[in-house]
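Numbering (this note's numbering), first residue to last: 2 to 191.
First comes the structure, then the notes that go with it.
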Ligand SMILES: [Fe+2]
Ligand SMILES: [Fe+2]
């Protein structure tokens, strides 16, 4: 019955392994482990954190055409910035796949949805995924970010959103409005 699907962690790992390149799969395993660590530190559900970690990039290797086809067929609402910068779409598409195929809860899907841009007033699970994605063990030279993440997840999140915004400016890319909203919210609340 629809709505009753709820895949176990090992089943999700298997699915992700079969749908991503080896490199992206290894990154996803790294994010799963790191999200579990952060969930322990910040007293969030470790099982949910690990599951969003392994699943977060499930749509990352879709081509532009595949992404556009998916959002059309599944009635996913997207904005202008996402249509121009189609790489951003893997958050929303990944969240939809996580709901329909893995049986994730709304909160878990939301974390996957916003891992590309950040969002205003993110849940702890969303913060954990965003930060785990940037501080998994496979990434090199990120001691500062990793330590900051272990000490203060809000400061780490702000730092990482700032870095992403700066990179987009350097590369002459658009900045998604949700990244600005995330930044303003953090500045106001931490
Ligand atoms: Fe991603
Ligand atoms: Fe990722």
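Glycine included, every Cβ here is placed at the ideal spot set by N, Cα and C.
Below 7 Å, is the gap between the Cβ of residue i and the nearest heavy atom of ligand 2?
| i | result |
| --- | --- |
| residue 134 | yes |
| residue 28 | yes |
| residue 214 | Outside the displayed span of the chain (2 to 191) sits residue 214, for which this structure offers no information. |
How close, in whole Å, do the beta carbons of residue i and residue j come, if the pair is a contact with beta carbons under 8 Å?
| i | j | result |
| --- | --- | --- |
| residue 146 | residue 128 | That belief does not hold up - the Cβ atoms of residue 146 and residue 128 are roughly 14 Å apart, past 8 Å. |
| residue 137 | residue 28 | 7 Å |
Does the distance between the C-beta of residue i and the nearest non-hydrogen atom of ligand 1 fall short of 7 Å?
| i | result |
| --- | --- |
| residue 57 | yes |
| residue 116 | yes |
| residue 101 | no |
| residue 24 | no |
Quick one: Cα of residue i to Cα of residue j, how far?
| i | j | result |
| --- | --- | --- |
| residue 74 | residue 12 | 26 Å |
| residue 96 | residue 139 | 23 Å |
| residue 94 | residue 60 | 6 Å |
| residue 122 | residue 83 | 20 Å |
| residue 21 | residue 68 | 15 Å |
| residue 2 | residue 8 | Note on residue 2: pLDDT 45, under 50, position unreliable in the model; the coordinate value appears next. Between residue 2 and residue 8, the C-alpha separation is close to 14 Å. |
| residue 157 | residue 185 | 14 Å |
| residue 181 | residue 162 | 9 Å |
For residue i, which residues of its own chain have a beta-carbon under 6 Å away from its beta-carbon, when the five flanking residues on both sides are left out?
| i | result |
| --- | --- |
| residue 31 | 137, 138, 139 |
| residue 191 | 155 |
| residue 212 | Nothing can be reported for residue 212: it is not among the residues displayed for the chain, which extend from 2 to 191. |
| residue 174 | none |
In chain order, what residues of the same chain have a beta carbon less than 7 Å from the beta carbon of residue i, not counting five sequence neighbours either side?
| i | result |
| --- | --- |
| residue 17 | 26, 29, 55, 56, 59 |
Report task. Any chance you could list the alpha helix (DSSP H) runs of at least 4 consecutive residues sitting entirely within the region 138 to 174, in chain order? Result -> Complete alpha helix (DSSP H) runs here, min 4: 144 to 152, 154 to 171.
**Report entry** In chain order, each beta strand (DSSP E) run of at least 3 residues that lies wholly inside the region 23 to 73
**Finding:** none
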